[in-house]
Each structure stands twice: as structure tokens, then as C-alpha cells.
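Shown next, in C-alpha cells, is the structure this report addresses.
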């Protein structure tokens with residue numbers, strides 16, 4: 001029987017379950033625990049290590065979510081097959097260096113994605129306090145032009161935050177701030193072209209707006225299907241230098257998580273073809289059934305992953321602050337083209353956000369946000385299972401700002417496009433998955449739940465069920481949209 005003997009300590013800032021998870025993960029990667037090995041049962045391991053059952057269960061659940069183990073009913077947890085030739089490269093000590101210590105000596109048809117911040121979550125009083133401090137104590141800095149890379153205090157805070165929360169390893173100097181993901185992607189296109197790369201592959205389905213940016217910059221693009229484990233690597237181009245745009249920790253819109261084996265395979269593909277992986281980590285902090293999955297960038301030992309993140313969904317959409325972490329060689333190239341660019345992101349907002357993060361207010365806000373959205377998802381899930389189980393099937397409800405729903409027994413008279421327009425007339429925000437696919441997705445819809453109060457979630461699901469029933473009976477053709485045709489329009493929203 002497999003015996004685990006980790007050295008765990010309450011004195012470390014890392015929670016005990018995370019220490020146990022890292023110990024088992026590294027043992028798997030180093031082949032000390034082999035593919036097919038059965039892990040000790042929850043109770044036996046808790047007893048042998050003098051840990052609570054919850055601590056062991058959380059560690060095992062994280063191994064399961066990240067694809068290191070499988071759970072077999074009535075049997076237990078077994079180790080998955082992980083690519084042997086990349087295991088050792090992913091190893092890391094239990095408490096690796098902070099980003100500052102890694103620096104050495106230095107300190108188509110456009111589909112819009114609705115973004116809505118629940119006012120019950122965000123404390124504008126605290127935000128105002130940080131803003132006032134910037135205006136009162138740092139006003140002299142506001143009289144100077146900003147750093148085109150972004151303000152140093154915010155870049156430092158972001159480097160620390162993404163290291164602690166997402167496992168991203170970088171120097172703070174590698175962080176570049178921009179006014180939204182799309183603006184940063186425009187800069188990235190220039191860097192890639194300087195590297196001789198003019199082809200990009202996208203997940204199918206995936207985030208549509210960035211495709212137009214690459215297209216406008218002269219890139220050739222290819223849609224690559226995704227399955228339950230993410231993008232299909234065997235469909236990526238070979239023998240040419242190219243790039244791929246992926247969201248491995250929370251694929252949009254399916255919510256799928258790329259398991260460890262495929263992550264290593266994707267890194268191998270990029271290394272073998274001298275290509276670049278663009279990791280869009282949007283919404284990956286917003287997981288409700290398990291701890292957020294660490295980034296792909298944290299596994300990269302060859303500096304071939306560009307990491308993208310944003311605050312638009314975790315704070316509020318109008319803040320328009322996003323960031324990009326460039327591998328060292330690409331960062332040097334970025335510095336060489338920097339002279340022609342100025343920073344488009346508000347200096348006041350950058351410094352305010354830096355204070356907001358430094359004070360711990362952002363982390364407190366995230367906890368509150370996750371708790372509220374988890375409650376909303378649970379309310380929506382319960383209402384669907386109770387009132388619409390014959391009409392809707394939930395395909396994903398574990399992360400992000402939406403649920404992925406499949407419309408059951410869709411009739412020839414029904415289309416997801418018309419159903420979503422009718423839902424808009426009832427105050428619901430939905431989008432057909434077909435908007436994010438070249439072909440297919442005819443019965444799938446994205447249901448955005450964030451702006452619906454928990455107390456009204458059952459009523460919202462009942463309204464959606466009524467729409468589905470009425471469209472089957474031809475009601476769509478008899479004024480289902482309401483008297484005001486403008487009500488049937490999709491809610492105008494901001495891009496991240």
C-alpha cells in the first residue's frame with residue numbers, strides 16, 4: 001500500500017491542504033508515485049497524518065480538478081498518466097521564491113460579452129478612500145506622464161498577486177499594463193510579427209473579439225476544436241512557427257479545465273515548433289467548486305507562454321485595466337518598440353488599484369464576490385432542476401460569470417438566437433454559443449446570472465422556461481418580445 005510522508009507545518013503561510021496537494025503533485029511529477037497507483041483513502045491518510053478529513057479531501061479535490069488523479073466510484077483515487085519527459089521540469093519547492101526574488105539584482109461577427117458587477121459586492125467607499133489618498137498624497141505624480149509599461153507600484157502588486165493566486169512566475173518588470181485585453185493584444189501582435197509569427201490558432205468555440213484584432217493586423221487564423229479537456233493539440237499546425245490563443249483554466253464558454261497531461265503536451269508542441277502560447281486567464285479566479293487551477297505559465301520552463309489577465313470582471317467593467325506578462329525574450333523586444341507608444345490607462349486608476357491591492361482590500365473583495373456568485377449559481381441550479389429540468393440541461397456551472405445550458409428537444413421552429421432575444425425582452429442576458437463557433441452549437445446558450453438577485457433567481461428561471469414553452473407553441477411569432485421592439489435587443493455591454 002502506498003505510504004505518504006509529507007512534512008507539513010502550520011507555521012507556513014500556505015494552508016495545510018495546499019501543502020499536501022503540492023507534496024503529492026510533486027511526487028507524481030517526479031515519478032515517486034507512478035501512473036495507476038492508488039492513493040490512500042481519505043480517512044486513512046487523515047488518520048496517519050493527524051489531519052482533518054476536510055484537509056485531505058480539499059487536497060485530493062485539487063489533484064482531481066487539475067487532472068493528476070481520477071476518482072473511481074466505490075474504489076478511490078488513482079494517479080493519471082502524466083507525460084514523463086516533462087515531469088521534472090514542473091517541479092517546484094513547497095514555498096518557492098516570491099517574484100521579487102526571481103529578479104536577480106533588480107527590483108468576424110463581433111460577439112459582445114456582458115459584464116456586470118453586482119453592487120452588493122463592491123465597496124465603493126473603500127475605493128474612494130484609496131482614490132482620495134492618491135489625489136491628496138501623490139498628486140505630484142499625476143502631473144507627470146505615465147510609464148508606457150504601466151505604473152511600477154501596480155505592476156509590483158500584480159506580480160505578487162498572480163504569483164500567490166495563480167502560480168505565475170515573473171519579475172515585476174515583465175508585467176505590462178493596458179486599457180483592456182484587446183489593447184494589449186494589439187501590442188502583442190506587433191511583437192509576434194517582429195518574431196516572424198503571422199499565424200494564430202484559436203479555440204473553437206472561444207473569445208471572438210480578439211480574432212478580429214489578429215485579422216486586422218494581417219494574421220492568418222485557424223479555429224481548433226475543444227473537447228472536455230480543452231483545445232485539441234493534434235489539430236494545431238506543425239513545422240511552422242505560429243501562436244495559439246487558449247484559456248486552459250476556464251475555457252470560454254464551456255468552462256472546461258485543461259488537465260496536467262494536456263498542458264504539458266501543449267508546452268511540448270510550442271517548444272517543438274518554436275511557437276508561442278497566449279494564455280488568457282480571464283475569470284480563472286472565479287471558481288466555486290474548488291480552488292482556482294494554477295496557470296499554464298507557471299509550468300513553462302522555456303519562456304514560451306504570454307500570460308493575460310484582467311480586472312474587469314472582478315472589480316467593475318469600466319475600470320478597463322488589464323495586464324500582460326511577457327517572457328523575457330519577448331519583453332526585450334517589447335522594450336525596443338516601446339518608444340512609439342504611450343500608456344492609455346488612467347494613471348489615477350492604476351495607483352488607486354495598487355493601493356487597493358496593497359491594503360488587502362482586493363483579496364477581501366474577491367472572497368465576498370466568490371461567495372455571492374456561488375450562492376447565485378446554486379440558486380439558479382436549484383431552480384433549473386426544479387422548474388425546467390425537462391427544458392434545460394446544465395453543461396457548466398462551476399466557474400466564471402455564466403452558466404452553459406443546453407436546450408432540450410429544440411424544435412425546428414426554435415433558434416437560440418430568437419430565444420436569447422426573447423429572454424432579453426424579459427430582462428435576462430443570454431447569448432447563443434453559435435456566435436462563438438464557425439459551425440455548430442445550435443442548442444447551447446450562455447446564461448449570465450450575475451445581475452439577477454438571489455431572491456429573483458427562481459422567477460428568472462420560470463420566465464426562461466415560459467419562453468421555451470411558448471416558442472415551441474409558436475408564441476415567438478405572436479409578440480413574445482413585448483410591445484417595445486427595443487426590449488428585444490441584446491443589452492449593450494462593454495468589452496473587457
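In my numbering, the protein residues as written are 1 to 496.
Each residue gets a CB set at the ideal place from its N, CA and C atoms; glycine is no exception.
For clarity, every value in this text was computed on a predicted model and none was experimentally measured.
Excluding residues up to 5 positions away in sequence, nothing lies with its Cβ nearer than 6 angstroms to the Cβ of residue 386 in the same chain. Between residue 354 and residue 157, the C-beta spacing is below 9 angstroms.
For the 9 angstroms CB-CB criterion, residue 179 and residue 344 form a contact. Straight-line spacing of the CA atoms in residue 287 and residue 402 works out to 11 angstroms.
Relative to residue 183, the option among 242, 211, 174, 251 whose CA is nearest is 211. Only exposed fits residue 34, as fewer than 16 other CB atoms lie within 10 angstroms of its CB. Runs of the alpha helix (DSSP H) lying entirely within the region 4-75, each at least 4 residues long, are 16-29, 42-49, 53-65 in chain order.
Cα atoms of residue 222 and residue 242: separation of roughly 11 angstroms, rounded to the nearest angstrom. Here residue 446 is bridged, per DSSP, to 404, 431. The closest CA to that of residue 329, considering only 72, 259, 436, 173, is found on 173.
In terms of CA proximity to residue 372, 455 leads the group 455, 147, 251. The region 461-473 makes no contact with the region 238-256, as fewer than three CB pairs between them are under 8 angstroms. Sorting 54, 379, 70, 273 by C-alpha distance to the C-alpha of residue 36 places 70 at the top.
Excluding sequence positions up to five before and after residue 197, its CB lies within less than 8 angstroms of the CB of 241, 242, 243, 275, 276, all in the same chain and listed in chain order.
Under the Cβ criterion (8 angstroms, minimum of three pairs), the region 185-202 does not count as touching the region 164-172.
In the structure shown, the three-state DSSP call for residue 293 is coil. The Cβ-Cβ distance between residue 433 and residue 445 falls below 9 angstroms. In this structure, the CA atom of residue 57 is about 18 angstroms from the CA atom of residue 26.
According to DSSP, residue 164 shares a beta bridge with no other residue. Considering only 258, 162, 257, 319, the residue with the shortest C-alpha distance to residue 349 is 319. Within the same chain, Cβ atoms closer than 6 angstroms to the Cβ of residue 55 are found at 16, 17, the five residues on either side in sequence being excluded. DSSP places residue 393 in no alpha helix (DSSP H) but in the uninterrupted beta strand (DSSP E) bounded by 392-396. The beta carbon of residue 271 sits closer than 8 angstroms to those of 302, 304, all from its chain and outside the five residues before and after it, given in chain order. Taking a contact as a CB-CB distance under 8 angstroms, the pair residue 235 and residue 246 does not count as one, their CB atoms being some 12 angstroms apart. With respect to the 9 angstroms criterion, residue 281 and residue 264 are not classified as neighbours on the basis of their beta carbons. By the CB criterion at 9 angstroms, residue 366 and residue 285 fall inside the cutoff. Under the DSSP assignment, residue 222 falls in the beta strand (DSSP E) whose first and last residues are 220-227.
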